[in-house]
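This report concerns only the one structure given below.
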Amino acid sequence: MSRVLFQVDGLSKRFGSGRRAHQALDDVSFEIAEGEIVGLVGESGSGKSTIIRCLIGLEREDSGSIRYDGIDPARPGRGELHRYRREVQMVFQDPYSSLDPRMTVRQLLEEPMLVMGGFPARDRMERILDLIHLVGLDTEHLGRYPRDFSGGQRQRIAIVRALVVGPRVLLCDEPVSALDVSVQAQVLNLLKDMQRRLDLTVLFVSHDLAVVKYLCSRVVVLHHGRVVDSGSVAEIYGNPRADYTRALLEAVPIPDPAYERGRRELRRQRAEVPR
1 MSRVLFQVDG LSKRFGSGRR AHQALDDVSF EIAEGEIVGL VGESGSGKST IIRCLIGLER
61 EDSGSIRYDG IDPARPGRGE LHRYRREVQM VFQDPYSSLD PRMTVRQLLE EPMLVMGGFP
121 ARDRMERILD LIHLVGLDTE HLGRYPRDFS GGQRQRIAIV RALVVGPRVL LCDEPVSALD
181 VSVQAQVLNL LKDMQRRLDL TVLFVSHDLA VVKYLCSRVV VLHHGRVVDS GSVAEIYGNP
241 RADYTRALLE AVPIPDPAYE RGRRELRRQR AEVPR
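Residue numbers (full-length UniProt numbering): 1 to 275.
What follows is the structure, given as structure tokens:
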């Protein structure tokens, strides 16, 4: 079994005070093993994004602890914070707002390496070219601006930006929810391919259980800031322990069989058209 890379233990976070206080996280604990893709699921307001923000350092937990490969991000030793920031990278939900519109793609991809340091100019360009080709973009795209791309292409650029510094972990906060359904599958397949090629560990936040089932190997279910269920994909989807998990699964839309048959028939007819 792979060793534990991330350990979250008793994480709690409250926003506000008095009557208006909101307990976003309440004694949340889970682990992520090296090389896993773990899905963090729950409806809006369940605490998923708060966990991500605590892991990346955008929020500070009220109690509990986060450990990453021996590092306590809240109290890092000398050099540990730089290592943590390099090895743990983020892919945000909205590709439209996560890319600076004033920067070219090349500038956007070079910036993380310049900030982290240790990447000579020649190495920076080699890394950029290798990664953009892996995600299906061309060299000519480097001189363009985010406005010149579709939502799916922008999210590909955002994924490359997270990968250029050579991270071990990707934290993905609803990375396909802002995309058209037809584009979501492309980005999911890209993430799956990058995880395999680069041996990444991924925490994937989503409210879409169908997406999580396709991508992830293990699932943690949140409800009102608490972990109510966790286990392998087979366990969660085949034999959920919590009533809340069963309710989430029952709410997943089931495709109309006639519609699916029609799609297959259309693909068959297109394949038979002479080119």
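Virtual Cβ for every residue (Gly too), placed ideally from N, Cα, C.
Spatial neighbours of residue i in its chain, beta-carbon cut-off 7 Å, leaving aside the 5 residues before and after
i	result
V105	H141, L142, R144, I157
P240	D229, R246, L249
Q186	G152
R67	Q7
T201	L5, I32, E34, G35, E36, R168, V169
L164	With the sequence shown as reference, residue 164 is identified as Val, and Leu is not the correct amino acid for it. Contacts found: L109, P112, M113, R127, I128, L131.
K213	V233, Y237
Q93	D173, E174, P175, S177, A178
A251	none
Q23	R14, G225
Alpha carbon of residue i to alpha carbon of residue j, nearest angstrom
i	j	result
G45	H207	10 Å
G152	M90	17 Å
H133	T139	8 Å
E87	E34	12 Å
S232	V220	9 Å
D256	L188	Low per-residue confidence applies at D256: pLDDT is 47, beneath 50, and the placement is therefore not dependable enough to give any value.
H224	A121	47 Å
G238	Y96	36 Å
D123	Q107	15 Å
L222	D180	25 Å
G77	D69	13 Å
V211	D243	21 Å
P101	R154	11 Å
A21	L137	46 Å
G18	S150	45 Å
I159	D148	17 Å
Local Cβ density within 10 Å of residue i, reported as buried at 16 or more and exposed below that
i	result
S230	buried
L209	buried
E126	exposed
P167	buried
F15	exposed
G118	exposed
G42	buried
P73	buried
P146	buried
R275	Residue confidence for R275 is low, a pLDDT of 44 falling below 50, so the modelled location carries little weight; the figure read from the coordinates is stated next. That one is exposed.
R75	exposed
R161	buried
R218	buried
Test item: CB-CB of residue i and residue j under 9 Å
i	j	result
V176	V183	yes
C216	G47	no
M116	H82	yes
L190	V227	no
L12	E61	According to the sequence displayed, residue 12 carries Ser and not Leu. Taking 9 Å as the Cβ cut-off, S12 and E61 qualify as a contacting pair.
I56	L25	no
S2	V205	no
L203	L171	yes
Proximal residues to residue i (C-beta, below 8 Å), its chain only, five neighbours per side dropped
i	result
G10	D27, V28, S29, S63, G64, S65
Neighbourhood of residue i by C-beta distance below 6 Å, restricted to the same chain and skipping five residues each side
i	result
I71	E80, Y84
E59	R53
Fill in: the region 186-199 contacting the region 110-122, beta-carbon criterion three pairs below 8 Å
no
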